[in-house]
Amino acid sequence: MLRTSADKLNDHIHGRLLSRSEGPAWKNVLVHLLSHSWREDGLIVPAVAEPLLVLIVSGSAVIEEREFSGEWQGARADVGDFYLTNSATPYEMRWTSMSAEPFRVMHVYLGLPLIEAAAAEVLSASHDRLCLRDVSAGRDPLINHLLQLILSELTEAREPSEIFVQGVAQALAVHLVRSYADADLPPRRRVGLPAFKLRRVTDLMASGIAEAFSLEALAAEAGLSPFHFSRVFKQSTGYSPSEYFIRMRMAEARRLLRETDRSIIEIGLDVGYSSPSHFATVFRKAVGITPSEYRNG
1 MLRTSADKLN
11 DHIHGRLLSR
21 SEGPAWKNVL
31 VHLLSHSWRE
41 DGLIVPAVAE
51 PLLVLIVSGS
61 AVIEEREFSG
71 EWQGARADVG
81 DFYLTNSATP
91 YEMRWTSMSA
101 EPFRVMHVYL
111 GLPLIEAAAA
121 EVLSASHDRL
131 CLRDVSAGRD
141 PLINHLLQLI
151 LSELTEAREP
161 SEIFVQGVAQ
171 ALAVHLVRSY
181 ADADLPPRRR
191 VGLPAFKLRR
201 VTDLMASGIA
211 EAFSLEALAA
221 EAGLSPFHFS
231 RVFKQSTGYS
241 PSEYFIRMRM
251 AEARRLLRET
261 DRSIIEIGLD
271 VGYSSPSHFA
281 TVFRKAVGIT
291 PSEYRNG
């Protein structure tokens, strides 16, 4: 079985490391700030002993997970959403960014001594009998607040405070044990469209990104009527099919502007816009600046 330690997990997860915790202030707390590509078609996340919290720091994405050979389960994750993983087995993961903002996440690993101390105080239980529930694209105001404090301490241009970091980490451990060790907690959020159908539809969108949008073709791929497909697609992603398609086009346009020397007219054609002015208008509406400003910025 594929296993690794918390400090080596980034060797298995594709992403550019922006910052990481270092020094005595971060005892039993490991923090990585990562920037991810707009699309990941599949990776294997090894089992890690320490509980892993992931906070969406910027951007948004449709993120899917599954156990080996299992069915993909997906949901849209936005800024402030979090993931909690305490898995004894590896699992698979993939995503597609849905935002003009860079897709950045913060990983926070709490050392077992912190979890054990919290469990002993809150539950009178040792960690070997404690199982934290997995959470995907969850919303928890207290977790978000505590993780934002950790993010600030990580990124501010000052020496991190050991008292502050350890206090926040202890509060986080206690909250996790209190709120996510209970077997009666509600299950993961479910999406309207089954994950395998969602993937087939988004793959069809990606392969035809330069072609005209066709709701009928996408609905047929999902085996649904256009009306029903539109409703469950929005339940799954938070966007209508046409909005999602435009966001995919704009994500590809941003990539081409960053990574190639193709002209803006050519890039517009590559993502389905024969009119340069129409492309510039849609890009500005989605990103907030014009294609030329984005390239030169």
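When we follow full-length UniProt numbering, the leftmost residue of the sequence shown carries the number 1, and every step to the right adds one.
Ideal Cβ positions, reconstructed from N, Cα and C, are used throughout, including at glycine.
Please read all numbers here as calculations on a predicted model, not as lab measurements.
By the Cβ criterion, the stretch 65-79 is not in contact with the stretch 22-37, since fewer than three pairs of Cβ atoms, one from each stretch, lie closer than 8 Å.
The distance from the Cβ of D270 to that of L256 is about 6 Å, consistent with a contact at the 8 Å cut-off.
The residue from R133, Y273, M98 and H32 with its alpha-carbon nearest to that of I209 is Y273. Straight-line measurement puts the Cα of S152 at about 15 Å from the Cα of V54. The secondary-structure analysis by DSSP pairs W95 across a beta bridge with E40 and I63. Nearest neighbour of T155 by Cα position, chosen from R20, L84 and N10, turns out to be R20. Counting of Cβ neighbours within 10 angstroms places P291 among the buried residues, the total reaching 16 or more. For H107, there is no enclosing alpha helix (DSSP H); the enclosing beta strand (DSSP E) covers residues F103 to L110.
R139 counts as exposed, since fewer than 16 other C-beta atoms from the protein chains shown sit within 10 angstroms of its C-beta. In the three-state DSSP reduction, Y83 falls in the strand class (E or B).
Going by beta carbons, S97 and V79 fall outside the 8 Å limit. Sequence-distant Cβ neighbours of G268 in its own chain, meaning closer than 7 Å and more than five residues away, are P276 and F279. For the pair D134 and L176, the CB atoms are not nearer than the 8 Å cut-off. Annotated three-state conformation of V135 is strand, per DSSP. For G74, the enclosing beta strand (DSSP E) has its first and last residue at Q73 to A77. DSSP places R255 within a helical segment (H, G or I) once states are collapsed to three.
In summary, R178 is exposed, with fewer than 16 beta-carbon neighbours lying within 10 Å of its beta-carbon over all protein chains present.
In the DSSP annotation of this structure, S58 is not part of any alpha helix (DSSP H); the continuous beta strand (DSSP E) holding it starts and ends at L52 to S58.
Residue burial annotation: T237 is buried, with at least 16 other C-beta atoms found within 10 angstroms of its C-beta.
Looking at the backbone, the Cα of L218 and that of L204 are separated by about 7 Å.
Only buried fits L132, as 16 or more other CB atoms lie within 10 angstroms of its CB. For V122, the three-state secondary structure derived from DSSP is helix. Sequence-distant Cβ neighbours of A100 in its own chain, meaning closer than 6 Å and more than five residues away, are A286 and V287. DSSP places H14 outside both helix and strand once states are collapsed to three, so it counts as coil.
By the beta-carbon neighbour count (other beta carbons within 10 angstroms, threshold 16), A181 is buried. Beta-bridge annotation (DSSP): L33 is paired with S19 and M106.
Separation of M248 and F213 (C-alpha to C-alpha, rounded to the nearest whole angstrom) is 12 Å.
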